[in-house]
Amino acid sequence: PSPRSVSIDGKSYDTDEWHNLTPNIISSASRRLHIQKDHPISITRTIIESKFPAPTYRYHNTFFPVVSTYQNFDSLGFPADHPGRSKTDTYYVNKDTVLRTHTSAHQADVFRRNESEGFLISADVYRRDAIDRSHYPIFHQMEGARMWDREKVPNGDIAAAVWKDLESLPTHTMTVEDPNPPTHPERNPLQDEHSAAEAEAIAAHLKRSLELVVAEIFSRAKTAAIAANPDFVDEQLKVRWVEAYFPFTSPSWELEIFWQGDWLEVLGCGVVKQDILTKAGVPSQLGWAFGVGLERIAMLLFEIPDIRLFWSQDERFLSQFKGLSDNLNNLKRFVPFSKYPACYKDVAFWLRSSSSSAGGGGRANAQDFHENDVMEIVRDIGGDVVEDVTKVDEFTHPKTGRKSLCYRINYRSLERTLTNEEANVFHERVRNALVEKLGVELR
Ligand code: PHE
47 PSPRSVSIDG
57 KSYDTDEWHN
67 LTPNIISSAS
77 RRLHIQKDHP
87 ISITRTIIES
97 KFPAPTYRYH
107 NTFFPVVSTY
117 QNFDSLGFPA
127 DHPGRSKTDT
137 YYVNKDTVLR
147 THTSAHQADV
157 FRRNESEGFL
167 ISADVYRRDA
177 IDRSHYPIFH
187 QMEGARMWDR
197 EKVPNGDIAA
207 AVWKDLESLP
217 THTMTVEDPN
227 PPTHPERNPL
237 QDEHSAAEAE
247 AIAAHLKRSL
257 ELVVAEIFSR
267 AKTAAIAANP
277 DFVDEQLKVR
287 WVEAYFPFTS
297 PSWELEIFWQ
307 GDWLEVLGCG
317 VVKQDILTKA
327 GVPSQLGWAF
337 GVGLERIAML
347 LFEIPDIRLF
357 WSQDERFLSQ
367 FKGLSDNLNN
377 LKRFVPFSKY
387 PACYKDVAFW
397 LRSSSSSAGG
407 GGRANAQDFH
417 ENDVMEIVRD
427 IGGDVVEDVT
437 KVDEFTHPKT
447 GRKSLCYRIN
457 YRSLERTLTN
467 EEANVFHERV
477 RNALVEKLGV
487 ELR
């Protein structure tokens, strides 16, 4: 039973049976961390912007989070049955309206404006997802794009124009692995509309531009690390390009950074599909686009250990960044305040067997059960007091064929010690909500 209409950041929307927003999400939609002065997300945005200077690049930082499914999916060539469109992954206001799942939702509209050679769009984005230290249902992305106009470059020679203003990377700053050819006929095809020389030049400009961003971030992270610990010795920075797929770019790549022993994916990018530019009324333009997650970069830059901290209003968090916007050359690492005790609670339940017609409006029969629905219920009740949720057991009863699941919820506040009694109150409400909303049977 959803409300008939909702107000999101001051605008009212009709809802229908697709509606799946929770009060938590709605109230966070007006926070705009990416433009809040001295917030680490905003500082990270400013540093990246400095590598894409105006007026070549134009910045858009206040696009509204509610977009049409056309903007978020269709305008980018997502097929009708793409899994990203499902209610388990995306927040729907109603059937035709969503909270954007990525900043690419605004690409086509900005291409259509055709007011600069390049642009950056920073904004909050929304995805139903797991709960842990690096996943939060709202995060921030920056979309970047750069175009060249065939009609405006001498002899229409885009490749020459691109190579001409390509900045080279200072070779000593990091090792870049890029093992794949610029295009690959099956895995990463050249578009029919582009010559190999054009795609290659655009790809080189894209990759060098982003490598410069990473080098910039890490040189600032290093300064901050040395300020905290004069004996700090850094490892040589390693990054690598891997082939990727997006419906709106080809060829496409992801950039990964070697960080604390693992390869960490930080951005997706590629050569813009010509069809998108044609539909946006600028068929003679060619170019690249990227989308980078700002939280990931900010966590590396400041050594912030838990993504929930970005949402904290606690002065022990916010005060550490005061004044840094005006002092970007003197960044300081985040100093974690004491870690409060964890409080683990398990909940085990049976899913309804698929054949059961038992009522209750529950949706959780074995076929259409989705883990994100559990995550959402826990998030709605526990808010930021839940650090992570993990599945600890799963089995199917040999006789009845019913499936049982057990999830472990870690209740831990970032700001204070949570008593066992308080955790019990949260947990009891979670148990009740699982029965009410998913129709499961508690064990
Ligand atoms: N929008 C993509 C994502 O969120 C990233 C991307 C942006 C990829 C632009 C290519 C070009 O994963």
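Numbering-wise (the UniProt record's numbering), the sequence shown opens with residue 47 and increments by one. Cβ atoms here follow ideal geometry from the backbone N, Cα and C, with glycine treated the same way. Predicted model, so just to flag it, every value in this text is computed and none were measured.
In this structure, residue 315 and residue 394 do not form a Cβ contact; the two beta carbons are roughly 43 angstroms apart against a cut-off of 8 angstroms. Around the beta carbon of residue 457, 16 or more other beta carbons lie within 10 angstroms, which makes this residue buried.
Residue 308 has 305 as its beta-bridge partners, per DSSP.
In this structure, residue 94 keeps its C-beta atom at 8 angstroms or more from the C-beta atom of residue 88.
Taking C-beta atoms as the reference points, residue 97 and residue 371 fail to come closer than 8 angstroms. For residue 136, the shortest C-beta to heavy atom distance toward the ligand PHE is 7 angstroms or greater. Residue 383 is classed as exposed because its beta carbon has fewer than 16 other beta carbons within 10 Å across all chains shown. Remark: the C-beta of residue 123 is outside contact range of the ligand PHE, defined as less than 7 angstroms to any heavy atom. When DSSP reads this structure, residue 314 sits in a beta bridge with 300 and 337.
Remark: three or more beta-carbon pairs, one from each stretch, lie closer than 8 angstroms, so the segment 101 to 110 and the segment 157 to 167 are flagged as touching. At least one heavy atom of the ligand PHE lies less than 7 angstroms from the C-beta of residue 150.
Look at residue 415 here: in three-state DSSP terms it is coil, with no helix or strand label. Shown here for residue 436: same chain residues with a beta carbon closer than 6 angstroms to its own, the five before and five after excluded, namely 454 in chain order.
Annotation for residue 73: the continuous alpha helix (DSSP H) segment containing it runs 69 to 74. Secondary structure in the segment 78 to 123: the beta strand (DSSP E) runs of 3 residues or longer, each lying completely within the stretch, are 103 to 106 and 112 to 114 in chain order. Annotated three-state conformation of residue 221 is strand, per DSSP. When 378, 249, 58 and 398 are compared, the shortest CA-CA separation from residue 488 is found for 398. Distance check between residue 61 and each of 142, 483, 344 and 210 places 142 closest, using alpha-carbon atoms only. Rounded to whole angstroms, residue 471 and residue 53 show a C-alpha spacing of 29 angstroms. Spanning the alpha carbons of residue 73 and residue 55 requires a straight line of approximately 8 angstroms. The secondary-structure analysis by DSSP pairs residue 189 across a beta bridge with 167 and 337. Inside the UniProt domain "FDX-ACB" (384 to 489), DSSP marks whole beta strand (DSSP E) runs of 3 or more residues at positions 389 to 396, 432 to 442 and 449 to 457, from first to last along the chain. Setting aside the 5 residues that flank it on each side, residue 243 is surrounded in the same chain by 205, each with a C-beta closer than 8 angstroms to its C-beta; the list follows chain order.
Just so you know, the alpha carbons of residue 200 and residue 209 end up roughly 13 angstroms apart. For residue 290, no alpha helix (DSSP H) segment is defined; the enclosing uninterrupted segment is the beta strand (DSSP E) at 283 to 292. Its chain contains 146 and 151 as the residues whose beta carbon lies nearer than 6 angstroms to that of residue 113, once the 5 sequence neighbours on both sides are disregarded; these appear in chain order.
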